Structures are given as C-alpha cells and as structure tokens.
Amino acid sequence: MSATAGQAQGERGLAERLGLKPGQVVQEIGWDEDVDDELRDSIEDLTGNELLDEESDDVVDVALLWWRDGDGDLFDALTNAMRSLAEGGQIWLLTPKAGREGHVEPSDIGEDATTAGLSQTSSISAAPDWSGTRLVTPKGRR
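To convert, take the position in the sequence shown, counting from 1, and add 27; that gives our numbering.
As structure tokens, then:
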C-alpha cells in the first residue's frame, strides 16, 4: 500500500469510527477555526457528500455538533440539531478533550442530552483534540 493510500485509509477511518456510511447526509453545526479538518475531510470522503452547513433545511442522517464550553446553551443546540434529523438519525456531539480550552464536563452533556430527550450510546476519541459523544432518540420515541 502506498503512503498516500495508507493516509487516505487512515483519514477515512476517522469517519468510520463515527459509524458513518457512504451516501449519508451530514449537517455540521458549530464550525469554527478550531475544528478538526482531517475529521471533516474524512466524513466527506466516506459519505461522498459535502457537509451541509447549519443554515440548511435538508433532512439529515447525522448532525455533527462541534461544541465548546461557553458556546451557549447545549440543551438549545441539541434541540435545534434534532429538528433536521431523519427518523433514526443521530447527533455526534464533538467537544474538546479534557485539559483543552472549551472542555465540556461529561455530566453536563449527560444532563442536557437527557433533558432534550436523547440517549447517549457511545463516546470515542474522534480526533486528537476532540471527543465524540453519540446521541440518539430512545427507540420508543423514534
């Protein structure tokens, strides 16, 4: 395998860790200069679609929500992100890892997600500086 092919597989692997699949539509919310561009590129490469911005009204399979402490009210952001989700869709909440500026406490995520009617299913290291928390609507509410 060439270095370029290996690098492409590694980048694609970032999106695969999120459980994304080719053809899925992903909306990105909360973009700023500090987001992980490798992760963003890997999502576009794997899905074959450009990320939709937060102004899009399209129905999406996944909402990618970049969130930092101080960005506002997480409950409101989660509620707004749910509006565009297709049935069975999911939110990937991406927050700075512990020790990094803007870190969000897991207890705050859990509380706001539960209040918004979401269930936390998994947490991963999504990128070098970002943790990912997968949020879905409970099966009885889908």
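Backbone N, C-alpha and C fix where the C-beta goes; we use that ideal spot for every residue, glycine too.
Every value quoted in this text rests on a predicted model; they were computed, and no experiment measured them.
- Distance between A153 and P133, taken at the CA atoms: about 15 Å.
- Nearest Cα to L73 within the set E43, A143, D84: E43.
- Looking at the DSSP output, E114 shares a beta bridge with no other residue.
- Contiguous alpha helix (DSSP H) elements confined to the region 130 to 168 occur at 133 to 142, taking only those with 4 or more residues.
- If the five residues before and after P49 are omitted, its C-beta is found closer than 8 Å to the C-beta atoms of L73, T74, G75, all from its own chain and listed in chain order.
- For S111 and E81, the gap between their C-alpha atoms comes out near 10 Å.
- In the structure shown, E55 falls within a strand segment according to DSSP collapsed to helix, strand and coil.
- With respect to the C-alpha of G99, the residue from E114, D139, E71 having the closest C-alpha is D139.
- In the displayed model, D72 falls within a helix according to three-state DSSP.
- With a 10 Å radius around the Cβ and a threshold of 16 neighbouring Cβ atoms, D88 comes out buried.
- Cβ contact annotation for T122 (same chain, cutoff 6 Å, sequence separation greater than five): W94, V131, S158, in chain order.
- When secondary structure is reduced to three states using DSSP, D88 falls in the strand class.
- Contact between V53 and L92 is absent: CB atoms are separated by about 11 Å, not below the 8 Å threshold.
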